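A.B. asks: Residue numbers for the sequence shown follow our numbering, beginning at 28 and rising by one.
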Amino acid sequence: MLNLWMIALLSYLVGSFPTSLLMGRIFRQGLDIRDHGSGNMGATNSFRIFGWRLGLTVAFIDIFKGFAVVHWIAPLAVFENSYPGNVLFIMATLAVVLGHIFPVFSGFRGGKGFGAAVGAVISYFPLAAPFCLLIFFITLGFTGYVSICALAASAALPFLYALITGLQGNMIDPTILTFFILIFLVVAISVRKRVKLYLNGEVEIFKAARIFRPGGGRDGE
C-alpha cells in the first residue's frame, strides 16, 4: 500500500512514459519527434509525423496512462477509505498530466496533457466521455484543428458533470466541479497561442477531417 505522495510520484512517472519518442526510435529508424513538426510529443504531432497507425497507437497509450493511474494506481493508497475519492482522483490526475507535459524521461519536453486527462476522466466519470468525444469530433469536422477540439471538449466537461450528476439525483461535488473547470483553464492556456494562429489563418489543419467545411490546409494541431 502507498501513501498519497507515493501515489502522486508513481502517477507522474506513468505520465512521463515517452510514448511517441519510443515509437520514433523503434518504428522510424531512431527518429526524434521533438525535432519534427510542431516538436510536440502528443498524439497530434504523432499523426503528422508517423501516420495514422502509429498516431492512433500514441493516442491510445496516452489516454490509457491517465485511465490506469485513476483506475488502478490511486486505489493503492494506504488507508484508502481515509482519503476522499475526489482527493485521490485529483492528485492522480494532476500528477499524470504533469508527467505527460513535463516527462522526466525525455528532458521535460512532452505533450499538452490532453490525452492523459481524457483517460483520467474516463475512469472517474465515464458518463461524460461519449459526450466529450462527440463534441471533439464534431468540432474537428468543422475546424480540422485539434487544439480547438480539445478546448471545446474540456469546456463542456464542467457542464456535463453538473448536468449528469443533477439528472442522477446526486449532489454536485464542488471540489470536482472546480477541478474540471481548472482542467479547462489549463487546456485553454496550453493551446492559446495555437488557437490565435488558427484564428489568424496562420496554421495548417487536418483537411481530411474537415468534413462539414471542405477545403483548407492540412495537418492541424
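Built from N, CA and C at the ideal position, the CB exists for glycine as well. Every value quoted in this text rests on a predicted model; they were computed, and no experiment measured them.
So, using beta-carbon positions, are V85 and T46 closer together than 8 Å?
C.D. replies: Going by C-beta atoms, V85 is nearer than 8 Å to T46.
A.B. asks: For A104, write down the residues that DSSP places opposite it in a beta bridge.
C.D. replies: L29
A.B. asks: I'd like the span of the alpha helix (DSSP H) that includes W79, first residue to last.
C.D. replies: W79 to A95
A.B. asks: As an exercise, report each continuous alpha helix (DSSP H) stretch of at least 4 residues that is fully enclosed by the segment 106-151, in chain order.
C.D. replies: Runs of the alpha helix (DSSP H) lying entirely within the segment 106-151, each at least 4 residues long, are 112-128 and 141-151 in chain order.
A.B. asks: Within this structure, are the beta carbons of G146 and I90 separated by less than 8 Å?
C.D. replies: yes
A.B. asks: Measure the C-alpha to C-alpha separation of V148 and R80 and round it to an integer number of angstroms.
C.D. replies: Our two residues, V148 and R80, have alpha carbons roughly 24 Å apart in a direct line.
A.B. asks: Contact defined as beta carbons within less than 8 Å: I believe A23 pairs with L31. What is the distance between those atoms, to the nearest angstrom?
C.D. replies: The structure shown does not extend to residue 23, since the chain is modelled only from 28 to 248, so the question has no answer here.
A.B. asks: I60 and I76 - do their beta-carbons sit closer together than 8 Å?
C.D. replies: Less than 8 Å separates the beta-carbon of I76 from that of I60.
A.B. asks: Can you tell me the Cα-Cα spacing of I210 and V97, whole angstroms?
C.D. replies: Our two residues, I210 and V97, have alpha carbons roughly 16 Å apart in a direct line.
A.B. asks: DSSP state of F44, grouped into three classes?
C.D. replies: coil
A.B. asks: Let me check understanding here. Comparing Cα to Cα, which of F132, S217 and G126 lies closest to L48?
C.D. replies: Among F132, S217 and G126, the Cα nearest to that of L48 belongs to F132.
A.B. asks: Where L224 and L40 are concerned, what is the direct C-alpha to C-alpha distance, given to the nearest angstrom?
C.D. replies: The alpha-carbon atoms of L224 and L40 are separated by roughly 32 Å.
A.B. asks: Looking at the structure shown, is G228 part of a helix, part of a strand, or coil, going by DSSP?
C.D. replies: coil
A.B. asks: By the three-class DSSP mapping on this structure, what secondary structure does R27 have?
C.D. replies: The question about residue 27 has no answer, for the chain in this structure spans 28 to 248.
A.B. asks: With DSSP as the reference, label H63 as helix, strand or coil.
C.D. replies: DSSP places H63 in coil when its eight states are reduced to three.
A.B. asks: With a cut-off of 8 Å, does the C-beta of Q195 fall near any C-beta of chain C?
C.D. replies: Chain labels in this structure do not include chain C; a single protein chain is all it has.
A.B. asks: Which residues in the same chain have their Cβ closer than 7 Å to the Cβ of L155, if we skip the five residues on either side of it in sequence?
C.D. replies: Sequence check: residue 155 is Ala here, not Leu. Contacts found: V148, L184, L187, Y188 and I191.
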